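Undergrad:
In my numbering, the protein residues as written are 1304 to 1736.
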């Protein structure tokens, strides 16, 4: 907070009891005195209640039952001065700043209500209060109680348990450090959330890295897998290249063989069909003049005769052409047989080389065990890749953390601030004597 606040006047009025209380604050130090149960603490608690601090309601229950309205007038000093008046009537707070129209907050009885949150934001901006505290693993604007805590220590708790002056503050995580760091100007609390997230991320990455290193170092299978993989890799490379060549050639030969067989089969089937057609056409339908069923006289036109003879002639030509093609293909039967022989030879070569590889051993490592071994090698590679990613990520997080103050620097600043506060406190204590 970079502002100063001077209380000017406090007024309380009960229309129900027809009572009122009014006091004007003097310049400098104001000491509230009186015998026990005279209302000294009640007076301070009433001022805090006027600002919207609901924690004081339980302590003011007897007075509030009389329907008291509270008003506080004060002046804020920063770059300039401005007078402020704040009035509280049960769950309604009205604030007038300088000559601006009053602002009302209706329904501030609960700290989680929308109006109370708006009131907290308004007063925080008015007083330049920017403290953030950790609520539910998230840094949020501090409550109104935290703004007044340095200037109010409840009588029933004292200095030792000052944060218990208001309920709920002792449940805030890291409250002590965040609270004193803010009021002593040690560090910016807005960065705390980012820093804590980065520190947690780094810790998680380091834990994962240690676990993976432990797995890699302690698992003998992974170590042996690497060595076996290197030993057998050379032999498999020697095998794979000629195997691919032989396999490719074998596939080409099989395709060629299938193509030749399909052509011969197609031509043979075509010839069968044409022979059936010719056999049908060989019966001289033009010689029949009577129907074989009904004995009716049949007559053949010139067109029918021409069509029949043309079909017969075409069939003969197609059969002759087909026979020539078949003869040519059968003349190439030697080539087909050669292809078959080459296929058989290639199969033998591929099979022979494969079984040679199966029987090959290097330090009792066979192809089967090597293939099974590749699973462990892959796991090892994945471990190394993940470890590299983690190391890179840790460097990145450390780079982001470098912009924050280290714990040692913060501790030194806290010690320095504590000594400064002690000297100021002792100086003013001596002045009061």
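Beta carbons are placed, not taken as given, at the ideal position from N, Cα and C, and that holds for glycine. The model shown is predicted, which means the values in this text are computed figures rather than measured ones.
Rounded to a whole number of angstroms, what is the C-alpha to C-alpha distance between residue 1448 and residue 1353?
TA: For the purposes of this step, residue 1448 is taken as residue 145 along the chain shown, with counting starting at 1. For the purposes of this step, residue 1353 is taken as residue 50 along the chain shown, with counting starting at 1. About 12 Å.
Undergrad: If we ignore side chains and look at the alpha-carbon of each, how far apart do residue 1559 and residue 1546 end up?
TA: Along the chain shown, read from residue 1 onward, the residue named residue 1559 stands at position 256. Along the chain shown, read from residue 1 onward, the residue named residue 1546 stands at position 243. Approximately 20 Å, taken between the alpha carbons.
Undergrad: Starting from residue 1753 and walking both ways along the beta strand (DSSP E), at which residues does that stretch end?
TA: Within the shown structure, residues of the chain are numbered from 1304 to 1736, placing residue 1753 beyond reach of any answer.
Undergrad: Please state whether DSSP places residue 1727 in a helix, a strand or coil.
TA: For the purposes of this step, residue 1727 is taken as the residue at position 424 of the chain shown. Residue 1727 falls in the helix class under three-state DSSP.
Undergrad: Please determine, among 1696, 1316, 1443, the residue with the shortest C-alpha to C-alpha distance to residue 1503.
TA: The residue given as residue 1503 occupies position 200 in the chain shown. With distances taken between Cα atoms, residue 1503 lies closest to 1696.
Undergrad: DSSP three-state label for residue 1400, please.
TA: Numbered from its first residue, the chain shown carries residue 1400 at position 97. It is a strand residue.
Undergrad: Residue 1516 by DSSP, collapsed to three states: which one?
TA: Residue numbering aside, residue 1516 sits at position 213 when the chain shown is read from its first letter. Three-state DSSP puts residue 1516 in a helix.
Undergrad: Take residue 1413 as the anchor and find which of 1446, 1387, 1426 has the nearest alpha-carbon.
TA: Translated into positions along the chain shown, residue 1413 becomes position 110. Here the closest residue by C-alpha is 1446.
Undergrad: Looking at the secondary structure, which residues open and close the beta strand (DSSP E) in which residue 1314 lies?
TA: Looking up residue 1314 in the chain shown gives position 11. That run of the beta strand (DSSP E) goes 1307 to 1317.
Undergrad: Can you tell me whether residue 1500 is buried or exposed, with buried defined as 16 or more other CB within 10 angstroms of its CB?
TA: For the purposes of this step, residue 1500 is taken as the residue at position 197 of the chain shown. Under this definition residue 1500 is an exposed residue.
Undergrad: Following the continuous beta strand (DSSP E) through residue 1322, name the residue where it begins and the one where it ends.
TA: On the chain shown, position 19 is the one that residue 1322 refers to. First-last of the beta strand (DSSP E) with residue 1322: 1322 to 1327.
Undergrad: Can you list, in chain order, the residues of its chain whose CB lies under 6 Å from that of residue 1642, leaving out five sequence neighbours each side?
TA: Here residue 1642 corresponds to residue number 339 of the chain shown, with the count starting at 1. Correct list, in chain order: 1556, 1559, 1560.
Undergrad: Whole angstroms are fine: how far does the CA of residue 1645 sit from the CA of residue 1653?
TA: Here residue 1653 corresponds to residue number 350 of the chain shown, with the count starting at 1. Here residue 1645 corresponds to residue number 342 of the chain shown, with the count starting at 1. Approximately 12 Å between the Cα atoms of the pair.
Undergrad: Ordered along the chain, which non-local residues of its own chain (more than five positions away) have a Cβ less than 6 Å from that of residue 1729?
TA: Locating residue 1729 in the chain shown gives position 426, counting from the first residue. Nothing listed; no residue qualifies.
Undergrad: Apart from the five residues on each side of it in sequence, which residues of its chain come closer than 6 Å, Cβ to Cβ, to residue 1727?
TA: Here the question's residue 1727 lines up with position 424 in the chain shown. Same-chain partners within the cutoff: there are none.
Undergrad: Please return the same chain residues whose Cβ sits closer than 6 Å to the Cβ of residue 1487, not counting the five positions on each side in sequence.
TA: Mapped onto the chain shown, residue 1487 falls at position 184. If we look at residue 1487 and ignore the five residues flanking it on each side, its Cβ neighbours are 1720.
Undergrad: Using 10 angstroms around the beta-carbon of residue 1387, count the other beta-carbons present and answer buried if the total reaches 16, otherwise exposed.
TA: In the chain shown, counting from the first residue as 1, residue 1387 sits at position 84. The residue in question, residue 1387, is buried, as its Cβ has 16 or more Cβ neighbours within 10 Å.
Undergrad: Let me check understanding here. Comparing Cα to Cα, which of 1470, 1317, 1310, 1305 lies closest to residue 1358?
TA: One-based indexing of the chain shown puts residue 1358 at position 55. Comparing Cα positions, the closest option is 1470.
Undergrad: Of the residues 1332, 1452, 1435, 1691, which one's Cα is nearest the Cα of residue 1509?
TA: Position 206 of the chain shown, counting from 1, holds the residue named residue 1509. Ranking the options by Cα distance to residue 1509, first place goes to 1691.
Undergrad: Pick from 1401, 1575, 1378: whose alpha carbon is nearest that of residue 1329?
TA: Within the chain shown, numbered from 1, the residue matching residue 1329 stands at position 26. Measuring from the Cα of residue 1329, the nearest candidate turns out to be 1378.
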